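A.B. asks:
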Amino acid sequence: MPQQHDSPKGEGKISSFWSLKFNSKGSMTWESENKSYREICGEVGSVGLVECFMTKSENTNRVALEVEVVTKFCPEHILEELESACPMATTKNVSLLDDRTNDDTDRPSKFRVYLGPLNAYKLWLELQKPRFRCRDLDARIDSDGTHPEPDADRRLIFITNLDPWTMMAIIATASIHQVDALGSSFYRHLAFESFIGTHCPSSGLSNFFQTFRLAFDLPYYVFRRAARRKPPRDHRGKGPNATLRQVIDLSFLTRMPAGSSPPFELNYLCQAQVSVLITGSDPWRWVAYCFVDNYFDQEDTGDSADVYHEEREVDEVAHVVIQPDPLTAGGLDANRPIKGPREYFLAVLRARLRHIRAEWQKLVSELETLIGKYPTSIQTTATHQATPNCHDIPTIMHSHAWAFQTIGILRKLKQTLKATIKQLESFQADEVFATVAEQAATSYIPTIREITEDFRKYQQKLEFLTEDCECYERRVGQKLTFQLSYVGANDAKAQASMTAYGQTMTFVMLFFFTPIALAASVLSMQPKVIPAPLRLNGASFIILVMIFMVLIWSAVGVLLNWDRIKQRIKATFKPDPGHEDLEYQEG
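Following full-length UniProt numbering, the numbering of the sequence shown begins with 1 at its first residue and continues without gaps.
Okay, here's the thing in structure tokens:
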């Protein structure tokens, strides 16, 4: 993982990336930058490009989880699909590419031909082209008589909804000097992790030159309304129901009246992340990658390559007057580029923080409204009433489940926002950050600090909402306990009544109907069998009934009092020890 905010102290002076001086462009063999890491992997006999990309880089101690996450998302067979221009790599425009020269003068930069929105396959083709003109390349161009393209000293790559084919386009074309930084950014982007940091390694992958990196990863959530039949969905997961980003249906936050028709639109909570990486050898030669999520917006809206392409302003002679810079969310003109990587990093960070702040503000405001309305829509019997309504129990149970589910969502939001605030605080804690070497960059710092403070306010509001929901959950729990105890007491009374009724019926059957049935059975026998005193008449029937009743009552009485009778019998027949001793003495 990149080392965050490397600020070692030496000789009483703080040193960090922000105070680092690039004295010269350095000596470097640009053939190595034009050569992709894939070619190097092929030369050393590596089989799996993605696994080699993640494990054979500068960071040899990369944990297995990072390798597994990236290789699972972008398996090796994706390269064959990309090279064959499969439909998944050609149907959607996902990228914008901006290549320009860069030097330490005020002269306007030369730029390569603007290609417009690119799909993954076209991006792969463009990234295969040499970034720099070298001696052998210059000779070949001169012999061909063609006009050479300018160097891509300053390269910007903007990608929406990073998918396996677009990731493979980068992996298959990135130079050896970008591998380690890209591997870390890929993992953090896929894992929904927060990070803001700078890194200037003491030794690079090669002996040609050292590389720096500036990176930030900002996960967040967005609130969107969409048609019930067409909810937002991220289709980048592996499997029929798997997704890279989670989408939560918030329809449970709104209590619909009984019998009402379902709404046409529903509320959704969508995960999103923006990841930016700037890496290079010096302030003049660097590459900026930007990965953003916009799957929750329509194709013609939001943060997309097509939208930025349509927002270009062209004059009468087809000259581009304004070309929005997609990395800054269209906040800067790409034709007036910021040449320094440190200042550009702060400009992109500020622009993306502004965008994320707007999403958090909208989300918190909507949640305050929805959560505030729900408790007032519940009408249940108060706990102090002597006879609560048993029909309230399903409503109260539903309210308890609502509170539990809402608290779970609020905790997720707080954790994500807290992680972002922690990264911003750590980044701003760099003492040299306040006095950036590039003085123009100091204009971005107050805004970044202001946004950080706004994030703290949103976090506090989420804390208040969580406390309200927890208090509501406790009140509902008390109501539910009271209702269930009342219903339980009523059930116990009803059960006792049923038991008493059963005992009464048993008594009637045993002591009244049983003697009658036995007497009728005796008199229904053959006359020869009936005892002499009895005859087939009413008197005999009554006598038999009385006899059987006495016998049954006596038998029941003996059974009920058997313990006492047994003790009396034992006491009667047990010999008296004192009497036996007296007889012995007399004898």
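Every residue, glycine too, gets a C-beta built ideally from N, C-alpha and C.
Values in this document were obtained by computation on a predicted structure and should not be read as measured data.
Give the secondary structure of V321 by DSSP, where H, G and I count as helix, E and B as strand, and everything else as coil.
C.D. replies: strand
A.B. asks: What are the start and end residues of the beta strand (DSSP E) that includes H199?
C.D. replies: 195 to 199
A.B. asks: Measuring only the C-alpha atoms, how far is F296 from M498?
C.D. replies: 60 angstroms
A.B. asks: Keeping to the same chain, check which residues put their C-beta closer than 6 angstroms to that of F111; ignore five residues upstream and five downstream.
C.D. replies: Once the five neighbours on either side are set aside, the close Cβ partners of F111 are R100.
A.B. asks: Return the bridge partner residues of G280 from the DSSP annotation.
C.D. replies: F212, W286
A.B. asks: From M546, Q428, G538, G330, pick the residue whose C-alpha is nearest to that of F513; which is it?
C.D. replies: When C-alpha distances from F513 are compared across M546, Q428, G538, G330, the shortest belongs to M546.
A.B. asks: By Cβ distance, which residues of its chain are closer than 8 angstroms to T243, with the 5 residues on each side in sequence left out?
C.D. replies: R233, D234, H235, R236, G237
A.B. asks: In chain order, which continuous runs of the beta strand (DSSP E) of length 3 or greater are located wholly inside the segment 295 to 351?
C.D. replies: Whole beta strand (DSSP E) segments, 3+ residues: 320 to 322.
A.B. asks: Going by alpha carbons, who is nearest to E463 out of E368, S521, I448?
C.D. replies: E368
A.B. asks: Would you mind giving the Cβ-Cβ distance between N119 and A89, rounded to the nearest angstrom? I have them listed as a contact below 8 angstroms.
C.D. replies: 6 angstroms
A.B. asks: Does the separation of the CB atoms of L127 and T173 fall below 8 angstroms?
C.D. replies: One thing to note: L127 has its Cβ within 8 angstroms of the Cβ of T173.
A.B. asks: Taking C-alpha atoms, which residue in A318, R312, Q246 lies nearest to D293?
C.D. replies: Q246
A.B. asks: Return the bridge partner residues of S36 from the DSSP annotation.
C.D. replies: S175
A.B. asks: Closest by CA to R474, which one among W402, I409, K414, T447?
C.D. replies: Nearest option by C-alpha distance: W402.
A.B. asks: Can you tell me where the beta strand (DSSP E) with D106 in it begins and where it stops?
C.D. replies: Where D106 is concerned, there is no enclosing beta strand (DSSP E), given that its DSSP letter is neither H nor E.
A.B. asks: Please return the same chain residues whose Cβ sits closer than 7 angstroms to the Cβ of A227, not counting the five positions on each side in sequence.
C.D. replies: F264, E265
A.B. asks: Would you please state the rounded distance, in angstroms, between the beta carbons of R224 and Y268? I believe it to be under 8 angstroms.
C.D. replies: Right, their Cβ atoms sit about 5 angstroms apart.
A.B. asks: How about the segment 177 to 193 and the segment 268 to 287: do they share at least three Cβ pairs that are nearer than 8 angstroms?
C.D. replies: Between the segment 177 to 193 and the segment 268 to 287, the count of Cβ pairs shorter than 8 angstroms is three or higher; the stretches touch.
A.B. asks: If we count the other Cβ atoms within 10 Å of its Cβ and call it buried at 16 or more, is N561 buried or exposed?
C.D. replies: exposed
A.B. asks: Using the Cα positions of G280 and G372, report the straight-line distance between them to the nearest angstrom.
C.D. replies: 50 angstroms
A.B. asks: Count the other CB atoms within 10 Å of the CB of S175; is the residue buried (16 or more) or exposed (fewer)?
C.D. replies: buried
A.B. asks: Quick check: what's the CA-CA separation for K412 versus A419?
C.D. replies: 11 angstroms
A.B. asks: Give me, in chain order, the residues of the same chain whose beta-carbon lies closer than 7 angstroms to that of W124; leave out the 5 immediate sequence neighbours on both sides.
C.D. replies: Excluding residues within five positions, the ones whose Cβ falls inside 7 angstroms are L82, A169, A172, T173.
A.B. asks: Return the residue from the list P283, H400, R352 that minimises the CA-CA distance to T447.
C.D. replies: R352
A.B. asks: Is it buried or exposed, M338, if we count other Cβ atoms within 10 angstroms and call 16 or more buried?
C.D. replies: The question names Met, but residue 338 is Ile in the sequence shown. The residue is buried, with at least 16 neighbouring Cβ atoms inside 10 Å.
A.B. asks: For the beta strand (DSSP E) that S95 lies in, which residues bound it at each end?
C.D. replies: 95 to 100
A.B. asks: Roughly how many whole angstroms lie between the Cα atoms of K457 and P148?
C.D. replies: Distance between the alpha carbons of K457 and P148: 53 angstroms.
A.B. asks: Would you kindly work out how many angstroms separate the C-alpha atoms of F195 and I322, rounded to a whole number?
C.D. replies: 32 angstroms
A.B. asks: Find out if the Cβ-Cβ distance for the pair T452, L424 is shorter than 8 angstroms.
C.D. replies: yes
A.B. asks: Expressed to the nearest angstrom, what Euclidean distance is found between the alpha-carbon atoms of S426 and G183?
C.D. replies: Their Cα atoms are separated by approximately 23 angstroms.
A.B. asks: Can you grab the Cα-Cα spacing for the pair L363 / E470, in whole Å?
C.D. replies: 20 angstroms
A.B. asks: Can you look up P515 in the DSSP assignment and give me helix, strand or coil?
C.D. replies: helix
A.B. asks: What do you reckon, are the CB atoms on T198 and L218 nearer than 8 angstroms?
C.D. replies: Contact annotation: T198 and L218 have beta-carbon atoms that are not nearer than 8 angstroms.
A.B. asks: What did DSSP end up calling D217 once you bin it into helix, strand or coil?
C.D. replies: strand
A.B. asks: State yes or no: is the C-beta of F291 within less than 8 angstroms of the C-beta of I445?
C.D. replies: no
A.B. asks: Determine the extent of the beta strand (DSSP E) in which L65 is found, giving its start and end residues.
C.D. replies: No beta strand (DSSP E) contains L65, which is instead part of the alpha helix (DSSP H) from 64 to 73.
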